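*Asks:* Remember, this note's numbering sits 79 above the position in the sequence shown when you count from 1. The beta-carbon is built from N, C-alpha and C at its ideal position, and this holds for glycine as well. The structure presented is a predicted model; accordingly, all values stated were derived computationally and were not measured.
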Amino acid sequence: MPISEKAQRAWKAGTAVITAWTAWYGLFHIDYGPHEHVFSDLQRWYRRKIDDMLGINLDAARQIENSKQQQASGLQQSEDEKR
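1. Output the distance between the C-alpha atoms of residue 131 and residue 86, rounded to the nearest integer angstrom.
2. Would you kindly work out how many angstroms separate the C-alpha atoms of residue 95 and residue 103, rounded to a whole number?
3. Pick from 116, 97, 98 and 122: whose alpha carbon is nearest that of residue 108?
4. Could you give the C-beta distance for residue 118 and residue 106, rounded to a whole number, given that I count them as a contact under 8 Å?
5. For residue 107, does the three-state DSSP call read helix, strand or coil?
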């Protein structure tokens, strides 16, 4: 029994969506290891765009992390001096 035209269209649409999602995921999200690979530049560009869209500023985050570490080391030193 052949598949109806409506079912064939649905099957083709579903296949197209799954194929597009697989390509997008493979291109932008799969971690291929620490070495440079063919998708490295595209993945960095994509991650920068997502960070910009979400309002994430990596330089500001690094500065905040550094200041937290400095404060923690300063507290550690002051506690050591009290002893």
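*Replies:* Looking at the coordinates:
1. On the sequence shown, position 52 is the one that residue 131 refers to. On the sequence shown, position 7 is the one that residue 86 refers to. Each residue's Cα considered, the two are about 41 Å apart.
2. Taking the first residue of the sequence shown as 1, we reach residue 95 at position 16. Taking the first residue of the sequence shown as 1, we reach residue 103 at position 24. Rounded to whole angstroms, residue 95 to residue 103 spans 12 Å at the Cα level.
3. Mapped onto the sequence shown, residue 108 falls at position 29. The shortest C-alpha separation from residue 108 is found at 122.
4. As a first step, residue 118 is located in the sequence shown; it is residue number 39 there, counting from the start. As a first step, residue 106 is located in the sequence shown; it is residue number 27 there, counting from the start. The pair is a contact, with the Cβ atoms about 6 Å apart (cut-off 8 Å).
5. Indexing the sequence shown from 1 puts residue 107 at position 28. Residue 107: helix per DSSP, three-state reduction.
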